[in-house]
Amino acid sequence: MADIHVEEFYKDVAVALVQLYGVFPRRVNLFVEDIAGPDEPDEFGLHSKRHMACFGALLWLEEEGLLRYVDTIRQEALDQAVLTRDAFIRLSAPAPQALADAAGVQVAETDNLPRSVQRDLSTHIHLIRQALKSGNSARISQVVQATFFADSSYH
6 MADIHVEEFY KDVAVALVQL YGVFPRRVNL FVEDIAGPDE PDEFGLHSKR HMACFGALLW
66 LEEEGLLRYV DTIRQEALDQ AVLTRDAFIR LSAPAPQALA DAAGVQVAET DNLPRSVQRD
126 LSTHIHLIRQ ALKSGNSARI SQVVQATFFA DSSYH
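Residue numbers (our numbering): 6 to 160.
Shown next, in the form of structure tokens:
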């Protein structure tokens with residue numbers, strides 16, 4: 006079993022990537038509370054460790070070149086965040102069938118679907134969405150890791 010903070014990191018990253026992909030190429034404010042849930046700062050105005058871990062995950066995505074933003078809104082959001090080219094290409098790329106199988110993502114009767122739909126259902130972003138829907142932490146971690154380590158030599 007992975008450390009809980011690592012599982013939360015993968016879930017936070019997955020939710021952020023899905024949110025940004027869903028509005029790409031538009032810039033949006035990416036709020037920590039929309040990802041990690043509500044937070045009540047303590048009597049000194051400090052956020053919880055969970056909130057700060059999510060905020061740290063968002064900053065890490067920028068440091069690793071997966072998103073850009075204009076500024077932070079205190080420690081509550083990234084202002085005008087957008088996926089980078091590399092992140093968009095990586096999320097849009099087909100994932101290996103072995104990953105879909107291992108992650109338990111089943112696409113019923115894909116042979117009957119148009120090729121464009123088959124392509125969409127085989128992408129990393131689709132696998133991330135399906136993993137999030139499952140709520141299975143191990144599945145989310147596996148799919149996000151595979152997306153991080155996906156071969157990006159095609160661009």
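Virtual Cβ for every residue (Gly too), placed ideally from N, Cα, C.
For this session: Measure how close the beta-carbons of Leu72 and Ala58 come, nearest whole angstrom, since I'm counting them as under 8 Å.
Result: The pair is not a contact, with the Cβ atoms about 17 Å apart (cut-off 8 Å).
For this session: Report, in whole angstroms, the separation of the C-beta atoms of Ala100 and Thr128, which I expect to be a contact under 8 Å.
Result: That belief holds up - the Cβ atoms of Ala100 and Thr128 are roughly 6 Å apart, short of 8 Å.
Problem set entry | Buried versus exposed call for Leu51 [16 or more other C-beta atoms within 10 Å across all chains shown] | Under a 10 Å Cβ-count criterion, Leu51 is classified as exposed, with fewer than 16 other Cβ atoms of the shown protein chains found around its own Cβ.
Exercise. Got a sec? Which residues, its chain only, sit under 8 Å from Thr89 by beta carbon, not counting five neighbours each side?
Worked result: Within its own chain, the residues whose Cβ lies closer than 8 Å to the Cβ of Thr89, once the five positions on either side in sequence are excluded, are Gly70, Leu71, Leu72, Arg73, listed in chain order.
For this session: Determine the DSSP secondary structure at Thr128, reduced to helix, strand or coil.
Result: Thr128 carries a strand assignment under DSSP once its states are collapsed to helix, strand and coil.
Problem set entry | Ala62 vs Val18 beta-carbon contact at 9 Å | In this structure, Val18 lies closer than 9 Å to Ala62 by Cβ.
Exercise. Ordered along the chain, which non-local residues of its own chain (more than five positions away) have a Cβ less than 7 Å from that of Leu66?
Worked result: Cβ neighbours of Leu66 beyond the five flanking positions: Val18, Ala21, Leu72.
Problem set entry | Spatial neighbours of Phe29 in its chain, beta-carbon cut-off 8 Å, leaving aside the 5 residues before and after | Within the same chain, Phe29 has close Cβ partners Val87, Leu88, Phe93.
Problem set entry | Classification of Gln135 by the beta-carbon crowding that lies within 10 angstroms, buried from 16 upward | When all chains shown are included, Gln135 counts as buried.
Problem set entry | Residue range of the unbroken alpha helix (DSSP H) whose run includes Gln80 | For Gln80, no alpha helix (DSSP H) run applies, since DSSP gives it neither H nor E.
Exercise. Which of helix, strand or coil does DSSP assign to Val20?
Worked result: Residue state, collapsed to three classes: helix.
For this session: Evaluate His10 with the Cβ neighbour count: other Cβ atoms within 10 Å of its Cβ, from every protein chain shown; 16 or more gives buried, anything less gives exposed.
Result: Result: exposed.
Problem set entry | Opening and closing residue of the beta strand (DSSP E) in which Phe36 lies | Segment 33-36, the beta strand (DSSP E) holding Phe36.
Exercise. Tell me which same chain residues have a C-beta within less than 7 Å of the C-beta of Phe36, skipping the five on either side of it?
Worked result: These residues qualify, in order along the chain: Glu81, Ala82.
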